[in-house]
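Structure first, then comments.
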Ligand SMILES: Nc1ncnc2c1ncn2[C@@H]1O[C@H](COP(=O)(O)OP(=O)(O)O)[C@@H](O)[C@H]1O
Ligand SMILES: [Mg+2]
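Chains as they are written, first to last, in the working numbering: chain A, 1 to 251; chain B, 252 to 723.
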């Protein structure tokens, strides 16, 4: 589904990712862990097409297409979803208008008829229930005045609405209390299918108790330096990252 | 004013002065000396002042010269109107739940003129008739708050005005129908009109008034309007101004508002389109507890120019005022906001706030913003601010990451930006309709006459509103 080869990314002349490789197949769950500032969010942004980052080398293919040639919105319409580490507040744009516009455009891209207003509202209601979101969400401006937990739930809600093929969740678990974590994790689990794939970027093992990863990658200094199964996450939780740094030095 | 400085549009000025000299006899025949004397005085003032030019501080950014140097038909008489009035006005779809009064090319349309007296005593009439019918009201209020010396256009209007509207709401009357005054220009000639309005709200009177400046064809026209508004103790006026003119149209409005104790003004000016639009709003807060909210929105593109000048004078203590204007400026358009709040020495406990936010979509467009507080009292709460920015790129990325194309993402952000002003409209039907017009305007789908209540171009065209699902 997603193949990243020798990716190099710079921002403002500074190289942040240098030679990253990753392959994700449908049905798989990948966890990416690693200390702050190693480029995890940068990787997610580049996959989503954020133009502030410059890809200086390497390739990314997605379902056989050259991802780097697709516009931001076409990547989304092709099924790439980014759950933002810091969801943006957009005063004045209601959640309903936002989701209606997004869904209409995605459906049009896929050659589907737009949903009627009634069908849309019904659909939205179902998806809200999935993440146990407040009924008043519809009229609220996107993320404006949302608590940290609400913002993260809102990301999962949007993911549920748009039914992506590849979801990248960037620290969706950070700052959540145990209830919110359960809701977010349940949402993700329910949306999982053999047809789609998920990349969870996280610091904590606890999310991985709910969303069990097939692969755990450790990212350090702009590269994936170690890959293992879920036991690697447990080991990181227990021992931190120092032993990885030692291993790298030894090489 | 020095005589030897080079005046702008001297020929037009000469012609207008002659026009006055040729018409003064007929004014004398129709009007009482009270009015004629005021006209004569204003004529002298205009003669002295001429048209405002860039040497005046308040006209530094807006150059009238090229607009005044066009050829205008100043002797324009309503009878010359070639369009068959009946067909134009056959369709009076009323979009805003208002009582509609229509003026065409500065003259009231047939059937609408005369005096309308509501059961509650409220009076709506055309100015020329009202002047004769209500001399006492005019003696008390006409010309009272206009300051001719401010600029020659106002003096010109005071000298040469012919027609306009007169509204009077008696003491303690909350007028329950919204009044909509539509001023349409549709002429083969390039006309120059001086329209004059007078609005009086008695003690504790209440009114919602919509003023529309529309045009139907693309001939250049020059409207020079002066409106006087008197709000007596405890009176409450909502004033909406909608301006959707063609790209050749020039509209100058000068609105003078005098507010007594505990009166309230909420004014909202929405400029959707126009060649050159200049709105001067001049508020005098003369009684304690008076409040004025002066708001506005402007959407300009191509080579359009919109200039909002607001002057609010806190003359006594315990008054509050707010100026909030927002604009989106595209292509090579130019917007000017000049907000001046004067807090006089005795105006203690004043609360005054000014804000002007702009989105500049192109590097060729130009935005001048100048919020300005002039404070002589020491116990006041005042603040001001202005921003000129682009669309929030992080928000753009967020929206587009959900599959929304760049154009629609921009639309969503621009609509969100203007929503604050639209939400201030207290008439629900009008709010919905303005919202729709603004959406269309932002998408570039709005025609010059679409907003006009008359809908004469295509009377069969259904008024169509998409359901606004955000309100469900
Ligand atoms: N837009 C940006 N401008 C400048 N530096 C950036 C930008 N985005 C990220 N960086 C830098 O890139 C590095 C990696 O950041 P990030 O991808 O957010 O790391 P992580 O998500 O792993 O914590 C950091 O040093 C950060 O300061
Ligand atoms: Mg990060």
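For every residue, glycine included, the Cβ atom is placed at its ideal position computed from N, Cα and C.
Taking the beta strand (DSSP E) that residue i belongs to, which residues open and close that run?
{"i": "residue 215 of chain A", "result": "215 to 220"}
{"i": "residue 619 of chain B", "result": "617 to 626"}
{"i": "residue 92 of chain A", "result": "90 to 94"}
{"i": "residue 197 of chain A", "result": "197 to 201"}
{"i": "residue 552 of chain B", "result": "No beta strand (DSSP E) holds residue 552 of chain B; DSSP gives it neither H nor E."}
{"i": "residue 172 of chain A", "result": "Premise fails: residue 172 of chain A is in no beta strand (DSSP E) and is neither H nor E."}
{"i": "residue 680 of chain B", "result": "Looking at the DSSP string, residue 680 of chain B is not in any beta strand (DSSP E); the run it does join, the alpha helix (DSSP H), is 679 to 694."}
{"i": "residue 158 of chain A", "result": "No beta strand (DSSP E) contains residue 158 of chain A, which is instead part of the alpha helix (DSSP H) from 148 to 162."}
Hey, quick one: how far does the alpha helix (DSSP H) through residue i stretch, first residue to last?
{"i": "residue 223 of chain A", "result": "Here residue 223 of chain A belongs to no alpha helix (DSSP H); instead the beta strand (DSSP E) covers 223 to 228."}
{"i": "residue 381 of chain B", "result": "378 to 384"}
{"i": "residue 209 of chain A", "result": "206 to 210"}
{"i": "residue 42 of chain A", "result": "40 to 48"}
{"i": "residue 290 of chain B", "result": "284 to 300"}
{"i": "residue 117 of chain A", "result": "117 to 130"}
{"i": "residue 277 of chain B", "result": "261 to 281"}
{"i": "residue 247 of chain A", "result": "242 to 250"}
Just the chain B side, please: which residues come within less than 8 Å of residue i by C-beta, in chain order?
{"i": "residue 47 of chain A", "result": "The contacting residues do not exist; residue 47 of chain A stays about 10 Å from chain B at best."}
{"i": "residue 167 of chain A", "result": "Simply none; closest approach about 12 Å."}
{"i": "residue 197 of chain A", "result": "What residue 197 of chain A touches in chain B: nothing, since even the nearest Cβ is about 17 Å away."}
In chain A, which residues lie with their C-beta within 8 Å of the C-beta of residue i?
{"i": "residue 667 of chain B", "result": "90, 91, 92, 93 and 141"}
{"i": "residue 294 of chain B", "result": "None at all; the shortest Cβ gap to chain A is about 49 Å."}
Does residue i have its Cβ less than 8 Å from a Cβ in chain A?
{"i": "residue 729 of chain B", "result": "Lying outside 252 to 723, the shown extent of chain B, residue 729 of chain B is not represented and no answer is given."}
{"i": "residue 259 of chain B", "result": "no"}
{"i": "residue 683 of chain B", "result": "no"}
{"i": "residue 649 of chain B", "result": "yes"}
{"i": "residue 646 of chain B", "result": "yes"}
Nearest-angstrom Cα distance between residue i and residue j?
{"i": "residue 336 of chain B", "j": "residue 654 of chain B", "result": "Low confidence applies here, because residue 336 of chain B scores a pLDDT of 43, under 50, leaving its location unreliable; read the following figure in that light. Straight-line Cα distance between these residues: approximately 50 Å."}
{"i": "residue 614 of chain B", "j": "residue 366 of chain B", "result": "51 Å"}
{"i": "residue 465 of chain B", "j": "residue 434 of chain B", "result": "6 Å"}
{"i": "residue 107 of chain A", "j": "residue 417 of chain B", "result": "55 Å"}
{"i": "residue 38 of chain A", "j": "residue 150 of chain A", "result": "27 Å"}
{"i": "residue 481 of chain B", "j": "residue 447 of chain B", "result": "14 Å"}
{"i": "residue 316 of chain B", "j": "residue 136 of chain A", "result": "54 Å"}
{"i": "residue 138 of chain A", "j": "residue 245 of chain A", "result": "47 Å"}
{"i": "residue 7 of chain A", "j": "residue 547 of chain B", "result": "50 Å"}
{"i": "residue 17 of chain A", "j": "residue 52 of chain A", "result": "14 Å"}
{"i": "residue 529 of chain B", "j": "residue 378 of chain B", "result": "23 Å"}
{"i": "residue 343 of chain B", "j": "residue 43 of chain A", "result": "Model confidence at residue 343 of chain B stands at a pLDDT of 34, short of 50, so the residue's coordinates are unreliable and nothing is read from them."}
{"i": "residue 277 of chain B", "j": "residue 483 of chain B", "result": "34 Å"}
{"i": "residue 338 of chain B", "j": "residue 497 of chain B", "result": "Because residue 338 of chain B carries a pLDDT of 35, less than 50, the predicted location of this residue cannot be relied on, and the following value inherits that uncertainty. In a straight line, the C-alpha of residue 338 of chain B is about 21 Å away from that of residue 497 of chain B."}
{"i": "residue 94 of chain A", "j": "residue 550 of chain B", "result": "22 Å"}
{"i": "residue 430 of chain B", "j": "residue 515 of chain B", "result": "18 Å"}
{"i": "residue 274 of chain B", "j": "residue 607 of chain B", "result": "43 Å"}
{"i": "residue 616 of chain B", "j": "residue 310 of chain B", "result": "19 Å"}
{"i": "residue 624 of chain B", "j": "residue 477 of chain B", "result": "25 Å"}
At a CB-CB cut-off below 9 Å, which residues of chain B make contact with residue i?
{"i": "residue 160 of chain A", "result": "Residues of chain B passing the Cβ test: none, with the nearest at roughly 12 Å."}
{"i": "residue 237 of chain A", "result": "Here the premise fails: no neighbours, minimum Cβ distance about 30 Å."}
Drop a sphere of 10 angstroms on the beta-carbon of residue i, count the other beta-carbons inside from all chains shown, and report buried for 16 or more, exposed for fewer.
{"i": "residue 502 of chain B", "result": "buried"}
{"i": "residue 359 of chain B", "result": "buried"}
{"i": "residue 641 of chain B", "result": "exposed"}
{"i": "residue 23 of chain A", "result": "exposed"}
{"i": "residue 269 of chain B", "result": "exposed"}
{"i": "residue 114 of chain A", "result": "exposed"}
{"i": "residue 4 of chain A", "result": "buried"}
{"i": "residue 391 of chain B", "result": "exposed"}
{"i": "residue 652 of chain B", "result": "buried"}
Can you find a C-beta in chain B that's less than 8 Å from the C-beta of residue i?
{"i": "residue 257 of chain A", "result": "Residue 257 of chain A cannot be examined here, being either before or after the span of chain A that is shown, 1 to 251."}
{"i": "residue 23 of chain A", "result": "no"}
{"i": "residue 36 of chain A", "result": "no"}
{"i": "residue 98 of chain A", "result": "yes"}
{"i": "residue 129 of chain A", "result": "no"}
{"i": "residue 73 of chain A", "result": "yes"}
{"i": "residue 50 of chain A", "result": "yes"}
{"i": "residue 76 of chain A", "result": "yes"}
What residues of chain A sit near residue i, judged by a beta carbon separation below 9 Å?
{"i": "residue 675 of chain B", "result": "The contacting residues do not exist; residue 675 of chain B stays about 13 Å from chain A at best."}
Quick one: list the residues of chain B neighbouring residue i, beta-carbon separation under 7 Å, in chain order.
{"i": "residue 106 of chain A", "result": "654"}
{"i": "residue 101 of chain A", "result": "655, 659 and 663"}
{"i": "residue 252 of chain A", "result": "Here chain A covers residues 1 to 251 and nothing more, so residue 252 of chain A does not appear."}
So which residues of chain A does residue i contact, with C-beta pairs closer than 7 Å?
{"i": "residue 670 of chain B", "result": "92"}
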